[in-house]
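**Student:**
Residue numbers (this note's numbering), protein chains in the order written: chain A, 2 to 277; chain B, 4 to 253.
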C-alpha cells in the first residue's frame with residue numbers, strides 16, 4: 002500500500018472530501034437562508050406601526066416577563082437539583098440513572114406532550130389541580146401562572162444540565178482548601194463553589210431564558226392563547242400568520258432579534274472563556 | 004519519634020495514626036510530628052503521602068484515624084472534627100489559589116471565613132503579604148503570578164489563619180527547576196518562624212535536607228523509616244531510601 006503510506010504524510014493538514022464541503026454548505030444554507038428570507042421580506046417601512054400595536058406590545062411584555070420569571074424560578078430550583086445530580090456520581094447505579102433520566106426526559110419530550118401532561122396533573126380535573134380547586138378555588142390552566150409553569154417544565158432541564166456539567170468540571174479540591182481555611186459549608190458554597198461554576202450558571206440561564214421565550218407547544222396546550230394573559234410572542238406570531246402575515250413577520254423579527262441579542266450580550270459579558 | 008510515645012507529647016505536638024483500605028491499596032501509618040519542627044514525609048508515588056495529609060486536614064476520612072494536637076483530639080473512634088474547625092493549615096499541590104479572587108482576597112479568605120469583618124480580614128491579609136514581600140501583588144489574580152509567587156501566596160493564605168499545624172503537599176514540585184532552590188531557602192525561613200508542627204510531603208532529598216528536621220519514609224502504605232533526618236540518612240534500609248539518600252551501593 003505505497004499510496005496510502007504517501008498520503009499519510011499530509012496528515013498535518015487533513016483535506017476534507019468535497020462531499021463533506023457540499024454537505025456542510027447545504028447545512029449552513031438550511032440554517033441561514035430562512036433567516037435571510039425573513040430579513041429580506043420584512044415590511045421594514047411599516048415596522049414601527051406594526052410593533053406599536055397594543056396586542057404586539059402586550060405579547061412582547063408577557064413573553065419577556067414570563068420568560069424572565071421562569072428563568073429565575075429555574076435558577077432557584079435548578080441549581081440545587083444540579084448540585085444533587087452532580088453529587089449523585091457517588092450513588093448506586095440505579096437511583097443515579099433514574100434521577101438523570103427524570104431530569105433529561107423533558108428535553109426529549111415533544112413540548113405538546115409536556116402540555117398534556119401538565120394538564121393531567123394541574124388541570125381542573127388533574128391529580129393535583131382537582132384538589133387544589135376544591136380546597137382553595139385555585140385554577141391554574143389557562144392563566145399566566147400556567148404559562149410560567151409550562152416554560153419552567155420545558156426550559157429548566159437545559160439549565161440543570163449546564164450547571165451540573167460546570168459543577169462536575171470544577172475542581173473539588175478548591176472546596177477542601179476553603180474548608181481548611183475555616184469556611185463553613187454554607188460559606189464554601191457561597192464564596193467558592195458558586196463563583197467557580199458561575200459561567201456554567203449564566204450559560205444555563207441564557208439557554209433557559211431563550212428556550213422559555215420561544216416556548217410554544219406546552220404553553221398553548223396547557224395555558225391556551227388568551228391575549229394579554231397567556232398569548233406569548235410565539236403564539237401571537239403563529240395566530241397572526243393566518244390573519245395578517247405582515248404582522249407575523251414583524252413579530253418573528255422581534256423574537257429573532259431578542260434571542261440573538263440575549264445570546265450575544267450575555268455570552269460576552271458573563272460567559273468569558275467558556276467553550277463555544 | 005515513635006507514635007507510642009504519648010507521655011512525651013508536648014502541647015503543640017501532632018500525633019497521627021492513619022489506617023485505611025481502598026481496593027488493593029492499604030495504608031497504615033503512625034508517627035509523631037513535634038511542635039516547632041518540620042517533619043518530611045517522603046516515599047514513592049502512590050505510597051499514600053497525600054492521603055495521610057488529607058486525613059490530618061480532615062478532608063479525607065480513613066477507616067481508623069487517630070489525630071491529636073497536644074491534648075486536643077481531632078480524630079478518634081466516634082470523633083471527627085470537620086476540616087473548618089481543626090486549625091490545620093494546608094498548602095495543596097499546585098497551590099490551588101482561588102482563581103476568582105485577587106491575591107489579597109485569597110489571603111483574606113481564611114480570616115473572613117472565621118468571623119473577621121471585611122476590613123479586618125483585608126488588614127490581616129495585607130500584613131502577611133507584606134511580611135512575604137508580596138504587597139505589590141495584592142490586586143492581581145492568581146493566573147498572573149509566577150510559580151514562586153503563587154507558592155508564597157498559598158503559604159500566606161494558610162498561615163494567616165494561625166493554624167496549630169501546617170501541612171505542605173509537595174510545595175516545590177510545581178516550580179521550574181531554576182527557581183526551586185531560591186524558593187526552597189525562602190520557604191525554610193518562613194517555616195522556621197512557625198511555632199507549630201509542620202509536615203512537608205516531598206520526594207526530593209534537597210527539600211528534606213533544607214526544610215526538615217525529622218523524616219518519615221512511607222512505602223506501599225507503611226512507615227519504613229522514622230527519625231531525625233541525619234539518622235535516617237545515615238542508615239537507609241530499603242532500596243527506595245538508599246536511592247533517596249543517594250547511596251545506591253550502601
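All residues carry an ideal CB built from backbone N, CA and C; glycine is no exception.
Rounded to whole angstroms, what's the CA-CA distance from residue 190(B) to residue 230(B)? Just pull it up for me.
**Tutor:** Rounded to whole angstroms, residue 190(B) to residue 230(B) spans 22 Å at the Cα level.
**Student:** State the Cα-Cα distance for the pair residue 69(A) and residue 75(A), rounded to the nearest angstrom.
**Tutor:** Each residue's Cα considered, the two are about 10 Å apart.
**Student:** For chain B, find out if any of its Cβ atoms is closer than 8 Å to the Cβ of residue 183(A); answer yes or no.
**Tutor:** Yes, its Cβ sits closer than 8 Å to a Cβ of chain B.
**Student:** Just to confirm, does residue 157(B) get its C-beta within under 7 Å of one of the non-hydrogen atoms of the ligand FAD?
**Tutor:** You won't find the ligand FAD in this model; it holds no ligand whatsoever.
**Student:** Going by alpha carbons, who is nearest to residue 134(B) out of 163(B), 151(B), 148(B), 24(B)?
**Tutor:** Selected option, being the one with the closest Cα: 163(B).
**Student:** With a threshold of 8 Å between beta carbons, is residue 174(A) in contact with chain B?
**Tutor:** So, interface residue.
**Student:** Could you give the DSSP three-state label for residue 22(B): helix, strand or coil?
**Tutor:** In this structure, residue 22(B) counts as strand in the three-state DSSP scheme.
**Student:** Among residues of its own chain, excluding the 5 on either side of residue 248(A), which ones have a beta-carbon nearer than 8 Å to its beta-carbon?
**Tutor:** Contacts found: 51, 54, 57, 241.
**Student:** What number of angstroms, rounded off, separates the C-alpha of residue 106(B) from the C-alpha of residue 83(B)?
**Tutor:** Roughly 32 Å between the two C-alpha positions.
**Student:** Please specify which runs of the alpha helix (DSSP H), each continuous and at least 4 residues long, are wholly inside the segment 212 to 268 of chain A, giving them in chain order.
**Tutor:** DSSP runs (the alpha helix (DSSP H)) wholly in the segment 212 to 268 of chain A: 218 to 224, 234 to 244.
**Student:** Short check: CB of residue 221(B) to CB of residue 50(B), under 8 Å?
**Tutor:** For residue 221(B) and residue 50(B), yes; Cβs fall inside 8 Å.
**Student:** Counting contacts by CB-CB distance shorter than 8 Å, is residue 160(B) in contact with chain A?
**Tutor:** It does: the Cβ of residue 160(B) has a partner Cβ on chain A nearer than 8 Å.
**Student:** Cβ closer than 8 Å: which chain A residues qualify as neighbours of residue 116(B)?
**Tutor:** Correct list: 179, 182, 183, 184, 185, 188, 192.
**Student:** If you measure from the beta carbon of residue 242(A) to each beta carbon in chain B, is any gap under 8 Å?
**Tutor:** No, residue 242(A) does not count as interfacial toward chain B.
**Student:** Looking only at its chain, what residues have a beta carbon closer than 6 Å to the beta carbon of residue 256(A), apart from the 5 residues adjacent to it on each side?
**Tutor:** Cβ within range, chain order: 234.
**Student:** Is residue 101(B) helix, strand or coil when you go by DSSP?
**Tutor:** Of the three classes helix, strand and coil, the one that applies to residue 101(B) here is coil, per DSSP.
**Student:** Could one say the Cβ of residue 145(B) lies closer than 8 Å to chain A's Cβ atoms, at least one of them?
**Tutor:** No, its Cβ sits nowhere closer than 8 Å to a Cβ of chain A.
**Student:** Does DSSP classify residue 74(A) as helix, strand or coil?
**Tutor:** Residue 74(A) falls in the helix class under three-state DSSP.
**Student:** What's the gap between the Cα of residue 258(A) and the Cα of residue 191(A)?
**Tutor:** If you take the alpha carbons of residue 258(A) and residue 191(A), they lie about 35 Å apart.
**Student:** Using the beta-carbon count (16 or more within 10 Å), is residue 187(B) buried or exposed?
**Tutor:** The residue is buried, with at least 16 neighbouring Cβ atoms inside 10 Å.
**Student:** Which value, in whole angstroms, describes the spacing of the CA atoms of residue 53(B) and residue 67(B)?
**Tutor:** Taking the straight line from one Cα to the other gives about 16 Å.
**Student:** Would you mind telling me which residues of chain B sit closer than 7 Å to residue 196(A), beta carbon to beta carbon, in chain order?
**Tutor:** Correct list: 103.
**Student:** Going by Cα to Cα distance, which pick from 30(B), 95(B), 242(B) is closest to residue 181(A)?
**Tutor:** Closest option to residue 181(A), Cα to Cα, is 95(B).
**Student:** Under 8 Å: do the segment 171 to 179 of chain B and the segment 15 to 28 of chain B share three or more Cβ pairs, one atom per stretch?
**Tutor:** With a cut-off of 8 Å, the segment 15 to 28 of chain B and the segment 171 to 179 of chain B do not count as touching, because too few Cβ pairs lie within range.
**Student:** Can you look up residue 200(B) in the DSSP assignment and give me helix, strand or coil?
**Tutor:** It is a strand residue.
**Student:** How would you call residue 116(B), buried or exposed, if buried means at least 16 neighbouring beta carbons within 10 angstroms?
**Tutor:** When all chains shown are included, residue 116(B) counts as buried.
**Student:** Is it true that the segment 162 to 178 of chain A meets the segment 121 to 135 of chain A, where meeting means three or more beta-carbon pairs spaced less than 8 Å apart?
**Tutor:** The segment 162 to 178 of chain A, when compared against the segment 121 to 135 of chain A, does not touch it at the 8 Å Cβ threshold.
**Student:** Apart from the five residues on each side of it in sequence, which residues of its chain come closer than 8 Å, Cβ to Cβ, to residue 185(B)?
**Tutor:** Closer than 8 Å at the Cβ level, and outside the excluded window around residue 185(B), lie 151.
**Student:** Give the DSSP bridge partners of residue 41(B), in chain order.
**Tutor:** The partner list for residue 41(B) (beta bridge, DSSP) reads 201(B).
**Student:** Should the segment 213 to 224 of chain A be regarded as contacting the segment 138 to 145 of chain A, the criterion being three or more beta carbon pairs within less than 8 Å?
**Tutor:** Cβ pair count under 8 Å is three or more, so yes.
**Student:** Might you give, ordered along the chain, the residues of its own chain that have their beta carbon closer than 6 Å to the beta carbon of residue 5(A), omitting 5 neighbours on each side?
**Tutor:** Low confidence applies to residue 5(A): its pLDDT is 46, below 50, so where it sits in the model is not reliable, and the reading given next is rough at best. Within the same chain, residue 5(A) has no close Cβ partners at all.
**Student:** Can you list the beta strand (DSSP E) stretches of 3 or more residues lying completely in the segment 76 to 130 of chain B, in chain order?
**Tutor:** Qualifying beta strand (DSSP E) stretches, in chain order: 91 to 94.
**Student:** From residue 63(A) to residue 246(A), what distance separates their C-alpha atoms?
**Tutor:** Residue 63(A) and residue 246(A): Cα-Cα distance of roughly 21 Å.
**Student:** Can you look up residue 146(B) in the DSSP assignment and give me helix, strand or coil?
**Tutor:** The answer is helix: DSSP assigns residue 146(B) an H, G or I state.
**Student:** Per DSSP, which one or two residues make a beta bridge with residue 36(B)?
**Tutor:** Note: residue 36(B) sits in a beta bridge opposite 17(B).
**Student:** Just tell me which of 254(A), 262(A), 264(A) has its CA closest to the CA of residue 36(A).
**Tutor:** When each option's Cα is compared against that of residue 36(A), the closest is 254(A).
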